Amino acid sequence: MEGIFTYAPAIALLPLAAFVVALCFGNAMPKKGAIAGIFATAGSLGLSLLMLAAVASGEVHHETYYQWAAGETAGHSAAQGIEFTFGILIDPLSALMLVIVSLIALLVHVFSLGYMNAEGETGLPRYYAELGLFTFSMLAFVYADNLLMAFMFFELVGLCSYLLIGFWFRTESAPSAAKKAFLVTRFGDYFFLVGVVAIGATFGTLAFAGDNSFVAQAEAALDGGETLFGFDARTWITITGLLVLGGVIGKSAQFPLQTWLPDAMEGPTTVSALIHAATMVAAGVYLVARMFGYYALSPTALGIIAFVGGFTALFAASMAVVKDDIKQVLAYSTISQYGYMMLGLGVGGYVAGVFHLMNHAFFKALLFLGAGAVIILMHHEQNMWKMGGLKEKAPVTYYTFLAGALALAGIIPFSGFWSKDEVLYDALILGLENQLYLAAYAMGLIAVFFTGFYTFRMVVLTFHGEPRSEAAEDPHDIGWSVKAPLIVLGLLSLTAGIANLAPVGKLLDMDIMFLEMWLDGHYGGLEELTYGAYSDTLAHETGAIAGSEQTTLLVGAALSLGLALSGAGLAWTLYSGSDPAQHTQRLGSVRELLRSNYYQDEFQVWLAEGLTLPVARTADRFDQSVIDGVVDGVSSVSLFGSGWIKRIQTGIVTNYAALIVGGFVGLLVVLGVYGGWFV
Amino acid sequence: MMIELLIGVALLGALVTFVAPNRIAGKLAFAISLVPAALSVYMFTAFDGSGNALLADGGVIAFESSTEWIRLGEYTISWFVGLDGISLPLVVLTTVLITLAIVSSWTPIDDRESQFYGLLLFIEANLIGVFTALDFFLWFIFWEAVLIPMYLLIGIWGGPRRKYAAIKFFVYTNVASLVMFGAFVTLVFSLDVTTFALPAITTAMLETGPQAEIFGLGGTSLASAVFLAMFLGFAVKVPIVPFHTWLPDAHVEAPTPASVLLAGVLLKMGTYALLRFNFTMFPEEVISAFAVPIAAIAAISVIYGALLALAQTDLKRVVAYSSVSSMGYVILGLVAFTQFGVGGATFQMVSHGLVSGLMFMAVGVIYNATHTRMLTDMSGLADKMPLAVGVLIAGSFAYMGLPLMSGFAAEYFIFFGSFGSEFLEYAPLITAVAMFGIVIVAGYLLFALQRAVFGPYLLETDYEIGRAPLHDIAPMFVLLAIIIALGVAPELIFDMITDAVDPILENGGEW
Numbered sequence: 009m010e011g012i013f014t015y016a017p018a019i020a021l022l023p024l025a026a027f028v029v030a031l032c033f034g035n036a037m038p039k040k041g042a043i044a045g046i047f048a049t050a051g052s053l054g055l056s057l058l059m060l061a062a063v064a065s066g067e068v069h070h071e072t073y074y075q076w077a078a079g080e081t082a083g084h085s086a087a088q089g090i091e092f093t094f095g096i097l098i099d100p101l102s103a104l105m106l107v108i109v110s111l112i113a114l115l116v117h118v119f120s121l122g123y124m125n126a127e128g129e130t131g132l133p134r135y136y137a138e139l140g141l142f143t144f145s146m147l148a149f150v151y152a153d154n155l156l157m158a159f160m161f162f163e164l165v166g167l168c169s170y171l172l173i174g175f176w177f178r179t180e181s182a183p184s185a186a187k188k189a190f191l192v193t194r195f196g197d198y199f200f201l202v203g204v205v206a207i208g209a210t211f212g213t214l215a216f217a218g219d220n221s222f223v224a225q226a227e228a229a230l231d232g233g234e235t236l237f238g239f240d241a242r243t244w245i246t247i248t249g250l251l252v253l254g255g256v257i258g259k260s261a262q263f264p265l266q267t268w269l270p271d272a273m274e275g276p277t278t279v280s281a282l283i284h285a286a287t288m289v290a291a292g293v294y295l296v297a298r299m300f301g302y303y304a305l306s307p308t309a310l311g312i313i314a315f316v317g318g319f320t321a322l323f324a325a326s327m328a329v330v331k332d333d334i335k336q337v338l339a340y341s342t343i344s345q346y347g348y349m350m351l352g353l354g355v356g357g358y359v360a361g362v363f364h365l366m367n368h369a370f371f372k373a374l375l376f377l378g379a380g381a382v383i384i385l386m387h388h389e390q391n392m393w394k395m396g397g398l399k400e401k402a403p404v405t406y407y408t409f410l411a412g413a414l415a416l417a418g419i420i421p422f423s424g425f426w427s428k429d430e431v432l433y434d435a436l437i438l439g440l441e442n443q444l445y446l447a448a449y450a451m452g453l454i455a456v457f458f459t460g461f462y463t464f465r466m467v468v469l470t471f472h473g474e475p476r477s478e479a480a481e482d483p484h485d486i487g488w489s490v491k492a493p494l495i496v497l498g499l500l501s502l503t504a505g506i507a508n509l510a511p512v513g514k515l516l517d518m519d520i521m522f523l524e525m526w527l528d529g530h531y532g533g534l535e536e537l538t539y540g541a542y543s544d545t546l547a548h549e550t551g552a553i554a555g556s557e558q559t560t561l562l563v564g565a566a567l568s569l570g571l572a573l574s575g576a577g578l579a580w581t582l583y584s585g586s587d588p589a590q591h592t593q594r595l596g597s598v599r600e601l602l603r604s605n606y607y608q609d610e611f612q613v614w615l616a617e618g619l620t621l622p623v624a625r626t627a628d629r630f631d632q633s634v635i636d637g638v639v640d641g642v643s644s645v646s647l648f649g650s651g652w653i654k655r656i657q658t659g660i661v662t663n664y665a666a667l668i669v670g671g672f673v674g675l676l677v678v679l680g681v682y683g684g685w686f687v
Numbered sequence: 009m010m011i012e013l014l015i016g017v018a019l020l021g022a023l024v025t026f027v028a029p030n031r032i033a034g035k036l037a038f039a040i041s042l043v044p045a046a047l048s049v050y051m052f053t054a055f056d057g058s059g060n061a062l063l064a065d066g067g068v069i070a071f072e073s074s075t076e077w078i079r080l081g082e083y084t085i086s087w088f089v090g091l092d093g094i095s096l097p098l099v100v101l102t103t104v105l106i107t108l109a110i111v112s113s114w115t116p117i118d119d120r121e122s123q124f125y126g127l128l129l130f131i132e133a134n135l136i137g138v139f140t141a142l143d144f145f146l147w148f149i150f151w152e153a154v155l156i157p158m159y160l161l162i163g164i165w166g167g168p169r170r171k172y173a174a175i176k177f178f179v180y181t182n183v184a185s186l187v188m189f190g191a192f193v194t195l196v197f198s199l200d201v202t203t204f205a206l207p208a209i210t211t212a213m214l215e216t217g218p219q220a221e222i223f224g225l226g227g228t229s230l231a232s233a234v235f236l237a238m239f240l241g242f243a244v245k246v247p248i249v250p251f252h253t254w255l256p257d258a259h260v261e262a263p264t265p266a267s268v269l270l271a272g273v274l275l276k277m278g279t280y281a282l283l284r285f286n287f288t289m290f291p292e293e294v295i296s297a298f299a300v301p302i303a304a305i306a307a308i309s310v311i312y313g314a315l316l317a318l319a320q321t322d323l324k325r326v327v328a329y330s331s332v333s334s335m336g337y338v339i340l341g342l343v344a345f346t347q348f349g350v351g352g353a354t355f356q357m358v359s360h361g362l363v364s365g366l367m368f369m370a371v372g373v374i375y376n377a378t379h380t381r382m383l384t385d386m387s388g389l390a391d392k393m394p395l396a397v398g399v400l401i402a403g404s405f406a407y408m409g410l411p412l413m414s415g416f417a418a419e420y421f422i423f424f425g426s427f428g429s430e431f432l433e434y435a436p437l438i439t440a441v442a443m444f445g446i447v448i449v450a451g452y453l454l455f456a457l458q459r460a461v462f463g464p465y466l467l468e469t470d471y472e473i474g475r476a477p478l479h480d481i482a483p484m485f486v487l488l489a490i491i492i493a494l495g496v497a498p499e500l501i502f503d504m505i506t507d508a509v510d511p512i513l514e515n516g517g518e519w
């Protein structure tokens, strides 16, 4: 199997080729470049599956392909070489993620045939080119073997989001949303870049894996009790880890940088599916998993990750409750779900976090594509209050969407239940030993109730009851290019949980936790990048309810399932029926608070327009009047004040020109005579 | 003789173009400019130099040529030219940018063409001279001579306030040159040398330092005073806050090709001179005394320049002020005094030359079509001019330091070199502050894009805005290709640069 790794670069390069082809020849091609994209992503998926099989057979691929730049670190006194390279690391984590990304990308391409081509959009070559570039950037990010390469493609992912969110650039709102997405995530990336620079300058390497990885260097520094940049090693690792986390918080839309994501709904729904499930937003959490060994060295950083995640899960879920636009509900659910992943990783649940990342990719792609199908059905209406009764008219859409919704809400046996339960379980057992973490657990648990509620509010309003508009009475047709991806993802949402049935495995004492074994290197992997190695570094003490793992498992599962069901049930009671009432009025002032997203957008707009812009304008006025004023003042005193000089200030440029040229020639002649040119 | 050939062709070409009919001047100048461009690219491939041209420690100066020229008393002035890894990329940048600037002038320049293109070639000759001269007097002649054609380009073909802008540019940078000239000549007189050849002066300076007392100063105090005076002189040229106010005025009034050269090459004269003189000739102890203040000013230039750009409503002013910001990074890299810092600063000189040239060209093409540069007037241009707008977007992201474009490589090298610098106190803190520029630059460029090229098309004109002709677009694609090539493979020039930078860092100088 090892030979297959020769083709590893092609996984990312195929979509890059599709980008070039669609950009240059898209207009002349059938389907305006879609075909190129579909072939490329299908090729990537095929190769990714082969990589997965190779890793399963015990192989790992870690190779440097290209030296981008090399030089010496730090000052001249302690010169030490550093190489910035492009390399590929295919281990269990990245192989899994490659499959997820290329699969979702392929399905999104196929779905686009029905969503974009069939709807007569213009600018399709641009659309498919940007999708290709997006897929390329994300795949290259996923198998990057060092932090700088990861950062570079992380940024390119941001660029592609900007381009695709702003796809409908003729409107006012799409360019604005695109700008916001790029700016807010760039704010996070600023910290990330400082972190990259700091880690590189500290350890002289940015490699994720190997004896010389920055993680290994950091461990050595810890063991040696070194002082780094004036801090003790642990503190410096925490600081640099948190700097990198800035980028994660931006891209994965965690509090307080989540504001760009709901606005990003201005892009085509297919793009939302890609951004939310497999690329942009997933990149942040994936990065934490990728360098989990580094975070494992800093309990403080992990604790912050857990709390940011827990808080975001609850915070975003509460806002999703009052939204009217189907895509808005999904957007807030994405923020909330990534909060769960952060919570899972933060409490040391590496497997749980990655498991939820995988499941979420499937069910969120499903829900967004389902929402896209609904939008086609509804003749481009997105307000759920104008929908209703689509259940009978579009059964494929309904049942697949329902599968995604059940997974999102965390209802057994759908995939989301298993991974969310595992995240909460990991938080619970850590919290039982270290009570501080119980707070993070509690936030995650309460969010389960909200999740159940808003998910079923969405399902009921969209599909049940009576049609509430003309569009809902007479839905548009949808084709197979739309249905096929939905069915694939629907099946995955139902079954993906099998990958890691942790409660079942633990209760029945069966070895069926495949994902855990996969990430622990049972099939193959690098020793230092396994779940076991991370757990050893962390050395978390965990507790159990009544001293029994089984009881803890059951209590935890019952709690989260019960809350999810009661949330769903409440939504069902409130909104089913032929003509549901809005109910949100009853929330009173809380409703306004939630609908305005806790006024956080206002705050950020104020930061940009109320603070930075006036500061900039003041600086500009200062510059014009004071600094330039001094310059003009000095010149009028010294030059124009003199009567002699005034006479040659004729104001005619050619006169000056003659003077200057004459003077210059004169100078040359003098020098020439002096130098003996003319002798 | 290669360098003489380069300068000679440009000078001769300038004369020929000057007397050629207006009708063919543009095409003729283009054809002539291809010669230096091709020659310099050939020199790039045939480059066999090593080490730093000013530091004679086993290195080889490429294409070296030296003839004694003038004797002033006991002092010798020579025609002494040559290239090393720092100057060669800048020479190639100059020749390529001149050729592209000539092509980009075909549309907007319709008055006294032969003089215009003649001046462009004349400026090329002098710029090549600045980057190749290794004798102070020779260098200074070229340095001053660059001002003349630029003054005329702004003053004759400029916008409504061209006279004010041209005079301000000329007087301001000339006064600064005077300060620098005085300071340097003072230093030379205090040294044990009888030549104005820069390598000899550098050696004398680093090995023995000032031997005589001048104005009651000697040794370290004299060297420090000269360092400061020269820094101030070059600071105007770069420009560094607070000496930057001539720049936006000059840019706004200058015709597009002049802006391209002003931002693309002329600003680099200042940073190149800082590197060649202040950071090469002076021993570490002199530099280090000024390191923190200079780094602080660099960080201020970055942030303050970016804030000024944010406040502008004229697209060209936005780009003009952003140069202040970008040049701040160069200064930070220089004063970090590490391989990546100084190497990155040099890389940034080349990269910024390409990227700002691209941006000014794109703004120019849009201006040619819309006759406005005000962001408040423009809207939705993407539909009307897809290629030009596409280039503007690409250029904007290059400016923001998007990876796989040259701007990222440059900025990353600088940040990396400066963060870990042991030479510069508080290096991590100052670097982190300066790095925040990457957020503000995204802010003002994305805001400008949102206003100018996206949204519904609203501009009311009494003529149809059509797509720009190919010869307006092609130069921008050439630049974009180079920007991406350097971003993907920075080692194309970075190895060469670090080879010339290393001796500077190793040669600390002990008196």
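Protein chains in written order, with my numbering: chain A, 9 to 687; chain B, 9 to 519.
Where a beta carbon is used, it is the ideal one built from N, C-alpha and C, also for glycine.
As the structure is a prediction and not an experimental result, all values here were calculated from the model.
Where the beta strand (DSSP E) containing B:Phe71 begins and where it ends
Per DSSP, B:Phe71 is one residue of the beta strand (DSSP E) stretching across Ala70 to Leu80.
So which residues on chain A does B:Met443 lean against when the C-beta distance must stay under 9 Å?
Going along chain A in sequence order, the residues near B:Met443 (Cβ under 9 Å) are Tyr198, Leu201, Val202 and Val205.
Residue from A:Tyr407, A:Ala492 and A:Ala325 whose Cα sits closest to the Cα of A:Tyr348
The option with the nearest alpha carbon to A:Tyr348 is A:Ala325.
Find the residues of chain A that neighbour B:Glu12, judging by a C-beta separation of less than 9 Å, and give them in chain order.
For B:Glu12, none of the residues of chain A pass the 9 Å Cβ criterion, the least Cβ distance being about 15 Å.
To the nearest angstrom, report how far apart A:Met157 and B:Gly278 are at their CA atoms.
The straight-line gap from Cα to Cα measures roughly 33 Å.
Closer than 8 Å by beta-carbon distance: list the chain A residues that pair up with B:Ala319, in chain order.
Chain A residues near B:Ala319: Leu621, Ala624, Arg625, Ala627 and Asp628.
Going along the region 329-349 of chain B in order, which residues come within less than 8 Å of chain A, judged by CB to CB distance?
Within the region 329-349 of chain B, the qualifying residues are Phe345, Thr346, Gln347 and Phe348.
Just list the residues that DSSP pairs A:Gly79 with in beta bridges.
Paired residue(s): A:Ile90.
Name the chain A residues whose beta carbon is nearer than 8 Å to that of B:Gly463?
Taking the beta carbon of B:Gly463 as reference, the chain A residues within 8 Å of it are Phe177, Arg178, Thr179, Glu180 and Pro183, listed in sequence order.
Do the region 555-570 of chain A and the region 89-97 of chain A meet, that is, are 3 or more Cβ pairs less than 8 Å apart?
Touching, no.
Do B:Gly415 and B:His479 have their C-beta atoms closer together than 9 Å?
No, Cβ-Cβ distance for B:Gly415 and B:His479 is not below 9 Å.
Using a C-beta to C-beta distance shorter than 8 Å, which residues of chain B count as neighbours of A:Gly174?
Taking a Cβ-Cβ threshold of 8 Å, the residues of chain B close to A:Gly174 are Phe462, in chain order.
Are the region 317-328 of chain B and the region 441-460 of chain B touching by the rule of at least three beta carbon pairs closer than 8 Å?
The answer is yes - the region 441-460 of chain B touches the region 317-328 of chain B, with three or more Cβ pairs under 8 Å.
Rounded to whole angstroms, what is the Cα-Cα separation between B:Pro291 and B:Gly93?
If you take the alpha carbons of B:Pro291 and B:Gly93, they lie about 21 Å apart.
In chain B, which residues lie less than 8 Å from A:Gly190 when you measure between Cβ atoms?
Here residue 190 of chain A turns out to be Phe, not Gly, going by the sequence shown. The answer, in chain order, is Ala450 and Leu454.
Can you name the residues of chain A whose CB is closer than 7 Å to the CB of B:Phe424?
Listed along chain A are Val205, Gly208 and Ala209, each with a C-beta nearer than 7 Å to that of B:Phe424.
Mind checking whether B:Leu255 and B:Val332 have CB atoms under 9 Å apart?
Cβ distance < 9 Å, so B:Leu255 and B:Val332 count as in contact.
Rounded to whole angstroms, what's the CA-CA distance from B:Ile235 to B:Gly137? Just pull it up for me.
The sequence shown places Phe at residue 235 of chain B, not Ile. Going from the Cα of B:Phe235 to the Cα of B:Gly137 covers about 23 Å.
Per the DSSP calculation, A:Gly95 is bridged to which residue(s)?
The partner list for A:Gly95 (beta bridge, DSSP) reads A:Thr72.
By how many angstroms is the C-alpha of A:Ala480 removed from the C-alpha of A:Glu389?
Approximately 9 Å between the Cα atoms of the pair.
Sort A:Ala78, A:Ala215, A:Phe199 and A:Leu385 by Cα distance to A:His70 and report the nearest one.
Out of A:Ala78, A:Ala215, A:Phe199 and A:Leu385, A:Ala215 has the C-alpha closest to the C-alpha of A:His70.
Does the region 394-413 of chain A come within contact of the region 545-555 of chain A, defined as at least 3 CB pairs closer than 8 Å?
The answer is no - the region 545-555 of chain A does not touch the region 394-413 of chain A, with fewer than three Cβ pairs under 8 Å.
Restricting to Cα atoms, I'd like to know which of B:Asn286, B:Phe287, B:Leu340 and B:Phe298 is closest to B:Val310.
Per the Cα distances, B:Leu340.
May I have the straight-line CA-CA distance separating A:Pro264 from A:Phe195, to the nearest angstrom?
A direct Cα-to-Cα measurement between A:Pro264 and A:Phe195 gives close to 11 Å.
Quick one: complete alpha helix (DSSP H) runs, 4+ long, within the region 146-219 of chain A?
Complete alpha helix (DSSP H) runs here, min 4: 155-173 and 181-211.
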